[in-house]
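Student: Following this message is one structure expressed as structure tokens.
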Amino acid sequence: MSALLANKIQKLPKVELHSHLEGCIQPNLVRTIAERNGISLKHGLFTTDDTFAWGDFVEFLQAYDEASFCLRKAQDYRDIMYTYMEQCAAEGTIYAETFISPDHAAAVGMSYEDMLSGCIEGINDAERDFGIVGRLIISCIRHLGPDQALVIAQQLADNPHPYIVGFGMGGNESTYTQADFAPAFNIAAAAGFACTTHAGEILGPESVWDAIDNLPVTRIGHGVRSAEDPALMAELAKRGIALEVCPGSNIALSVYPDLASHPLNKILKAGISISLNSDDPPFFDTTVGTEYHSGAKDFGLDLEQLRSISRMAMEASFADADTKTRLLAVIG
Ligand code: ADE
Ligand code: ZN
Numbered sequence: 002m003s004a005l006l007a008n009k010i011q012k013l014p015k016v017e018l019h020s021h022l023e024g025c026i027q028p029n030l031v032r033t034i035a036e037r038n039g040i041s042l043k044h045g046l047f048t049t050d051d052t053f054a055w056g057d058f059v060e061f062l063q064a065y066d067e068a069s070f071c072l073r074k075a076q077d078y079r080d081i082m083y084t085y086m087e088q089c090a091a092e093g094t095i096y097a098e099t100f101i102s103p104d105h106a107a108a109v110g111m112s113y114e115d116m117l118s119g120c121i122e123g124i125n126d127a128e129r130d131f132g133i134v135g136r137l138i139i140s141c142i143r144h145l146g147p148d149q150a151l152v153i154a155q156q157l158a159d160n161p162h163p164y165i166v167g168f169g170m171g172g173n174e175s176t177y178t179q180a181d182f183a184p185a186f187n188i189a190a191a192a193g194f195a196c197t198t199h200a201g202e203i204l205g206p207e208s209v210w211d212a213i214d215n216l217p218v219t220r221i222g223h224g225v226r227s228a229e230d231p232a233l234m235a236e237l238a239k240r241g242i243a244l245e246v247c248p249g250s251n252i253a254l255s256v257y258p259d260l261a262s263h264p265l266n267k268i269l270k271a272g273i274s275i276s277l278n279s280d281d282p283p284f285f286d287t288t289v290g291t292e293y294h295s296g297a298k299d300f301g302l303d304l305e306q307l308r309s310i311s312r313m314a315m316e317a318s319f320a321d322a323d324t325k326t327r328l329l330a331v332i333g
């Protein structure tokens with residue numbers, strides 16, 4: 002890639018719709034927060050000073066849980082949100098939606114209110130200092146089961162805030178079905194929240210059918226394995242369901258052996274709306290900026306195609322109509 006194109010991509014307004022706050026904590030921030038909270042980190046959490054240790058998907062989820070174990074105060078959430086948004090803004094990101102998991106906060110005795118107030122402060126401070134707009138998606142955890150998802154959806158419905166724009170689900174795709182979570186998603190949707198769920202990442206196209214047939218979702222987290230089913234691709238395009246694509250994450254988690262095998266271009270050619278995202282930046286050694294650069298370098302996308310991805314992402318975002326219009330004008 003020429004230096005000129007790299008420079009233009011750096012300046013291109015970017016939109017990130019898929020990152021997990023607990024997966025955005027840089028190792029040095031984990032150590033700082035653990036120290037100030039007097040918490041000893043599990044031996045073997047890192048391979049080097051800057052790298053989390055994990056091998057497969059389940060080990061990744063365990064390392065992620067372990068890193069979030071040191072979060073005990075609103076200030077901790079504030080600092081992670083602020084640091085993540087600062088990094089995003091430095092790469093040209095103008096809007097970021099981040100999943101936050103009340104189950105992780107509750108696991109260490111933190112209240113929903115404290116978790117939320119920290120995130121809101123981080124978003125406000127980052128917008129003041131860097132101009133980036135941040136919003137939150139409350140996420141339940143699939144492997145904790147449908148009953149716990151109901152608790153989280155009800156908490157969401159009972160505690161509205163203008164920065165909370167959606168409901169989502171992450172976690173281990175191999176447990177339960179998407180349909181099992183319909184009661185939780187229906188509570189969130191009835192309370193006015195837009196919905197997304199992780200599907201078609203570890204499992205195949207049938208998991209995406211399960212999601213779009215049974216849940217009130219307008220986006221799918223990952224969804225890349227939809228590319229194995231032409232009828233599903235046509236359905237996603239027809240219904241305007243957007244995929245939150247995270248190529249670096251997919252390679253790190255061995256969903257595909259390399260970027261040459263990744264179906265990003267096939268999905269774009271099928272007319273499906275997408276966004277480009279980091280998922281869990283320090284775990285997968287990526288950032289949203291890295292993903293945009295990879296779009297050019299590894300997938301042959303030109304600047305206008307990358308700009309159209311930012312536009313698609315902003316359209317598919319859960320932001321209110323005024324914010325969308327304002328930020329779409331910035332993207333151009
Ligand atoms: N939680 C954080 N990252 C995730 C991923 N890539 N898949 C499922 N759950 C997650
Ligand atoms: Zn994810």
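The number in the working numbering is simply the position in the sequence shown, starting from 1, with 1 added. For each residue, glycine too, the CB sits at the ideal point set by N, CA and C. No experiment lies behind these values; they were computed from the predicted model shown.
Could you name the residues of the same chain whose beta carbon sits closer than 8 Å to that of Lys325, not counting the 5 residues immediately before and after it, in chain order?
Tutor: As a first step, residue 325 must be located in the sequence shown, where it is residue number 324. Taken in chain order, the residues that qualify are Met315, Glu316 and Ser318.
Student: Rounded to whole angstroms, what is the Cα-Cα separation between Leu244 and Val256?
Tutor: As a working note, residue 244 is residue 243 in the sequence shown. As a working note, residue 256 is residue 255 in the sequence shown. One C-alpha to the other measures close to 16 Å.
Student: Indicate the three-state DSSP secondary structure (helix, strand or coil) for Ile222 in the structure shown.
Tutor: As a working mapping, residue 222 is identified with position 221 in the sequence shown. Per the sequence presented here, residue 222 reads as Gly, with Ile not at that position. Strand, per DSSP.
Student: Pop quiz: Ile242 and Leu277 are said to be a contact at Cβ under 8 Å. What is the actual Cβ separation, rounded to whole angstroms?
Tutor: Here residue 242 corresponds to residue number 241 of the sequence shown, with the count starting at 1. Here residue 277 corresponds to residue number 276 of the sequence shown, with the count starting at 1. About 17 Å; that fails the 8 Å criterion.
Student: Near Ser250, what residues of its chain come up, given a Cβ to Cβ distance below 6 Å and the 5 sequence neighbours on each side ignored?
Tutor: Within the sequence shown, residue 250 is the residue found at index 249, counting from 1. So the qualifying residues of the chain are Asp280 and Phe285.
Student: What residues in its chain sit with their C-beta under 6 Å from that of Leu329, if we drop five residues either side in the sequence?
Tutor: By 1-based counting over the sequence shown, the position of residue 329 is 328. If we look at Leu329 and ignore the five residues flanking it on each side, its Cβ neighbours are Met315.
Student: Would you kindly check if the distance between the Cβ of Ser208 and the Cβ of Gly169 is under 9 Å?
Tutor: For the purposes of this step, residue 169 is identified with residue 168 of the sequence shown, where counting begins at 1. For the purposes of this step, residue 208 is identified with residue 207 of the sequence shown, where counting begins at 1. Cβ distance not < 9 Å, so Gly169 and Ser208 don't count as in contact.
Student: Using a Cβ-Cβ cut-off of 7 Å (strictly less than) and excluding sequence neighbours within five positions of Asp299, which residues of its own chain qualify?
Tutor: Along the sequence shown, read from residue 1 onward, the residue named residue 299 stands at position 298. Same-chain partners within the cutoff: Leu260.
Student: How would you label Asp211, buried or exposed, when you count the other beta carbons within 10 angstroms and need 16 or more for buried?
Tutor: Counting from one through the sequence shown, the residue named residue 211 turns up at place 210. Its Cβ being crowded by 16 or more others within 10 Å, Asp211 is buried.
Student: Leu42 to Thr49, Cα distance in whole Å?
Tutor: As a first step, residue 42 must be located in the sequence shown, where it is residue number 41. As a first step, residue 49 must be located in the sequence shown, where it is residue number 48. Computed Cα separation, rounded: 14 Å.
Student: So which residues put a beta carbon under 6 Å from any heavy atom of the ligand ZN, going in chain order?
Tutor: With the cut-off at 6 Å, the residues found are His19, His21, Gly171, His199, Gly222 and Asp280.
Student: Identify whether Cys120 lies in helix, strand or coil by the three-state DSSP scheme.
Tutor: Residue mapping note: residue 120 aligns to position 119 of the sequence shown, counting from 1. If DSSP states are grouped into helix, strand and coil, Cys120 belongs with the helices.
Student: Counting only the same chain and skipping the five closest in sequence on each side, list residues whose C-beta sits under 8 Å from that of Glu174.
Tutor: Locating residue 174 in the sequence shown gives position 173, counting from the first residue. Result list for Glu174: Arg143, His199, Ala200, Glu202, Ile203, Leu204 and Ser208, in chain order.
Student: From Ala195 to Arg136, what distance separates their C-alpha atoms?
Tutor: On the sequence shown, position 194 is the one that residue 195 refers to. On the sequence shown, position 135 is the one that residue 136 refers to. Near 12 Å, if we compare the C-alpha coordinates of Arg136 and Ala195.
Student: Roughly how many whole angstroms lie between the Cα atoms of Arg160 and Asn8?
Tutor: Locating residue 160 in the sequence shown gives position 159, where the first residue counts as 1. Locating residue 8 in the sequence shown gives position 7, where the first residue counts as 1. Looking at the sequence shown, residue 160 is not Arg but Asn. Cα to Cα, the separation comes out at about 42 Å.
Student: How about Tyr307 and Ala297: are their beta carbons less than 9 Å apart?
Tutor: By 1-based counting over the sequence shown, the position of residue 307 is 306. By 1-based counting over the sequence shown, the position of residue 297 is 296. Note that residue 307 corresponds to Leu in the displayed sequence, not to Tyr. Yes.
Student: Can you give me the C-alpha to C-alpha distance between Asp66 and Ala185, rounded to a whole angstrom?
Tutor: Residue mapping note: residue 66 aligns to position 65 of the sequence shown, counting from 1. Residue mapping note: residue 185 aligns to position 184 of the sequence shown, counting from 1. Taking the straight line joining both Cα atoms gives about 23 Å.
Student: Could you name each continuous alpha helix (DSSP H) segment of 4 residues or more that falls completely within the stretch 272-298, going from the start of the chain to the end?
Tutor: 282-285 and 289-298
Student: Could you tell me the boundaries of the beta strand (DSSP E) in which Leu18 lies?
Tutor: Numbered from its first residue, the sequence shown carries residue 18 at position 17. First-last of the beta strand (DSSP E) with Leu18: Lys15 to His21.
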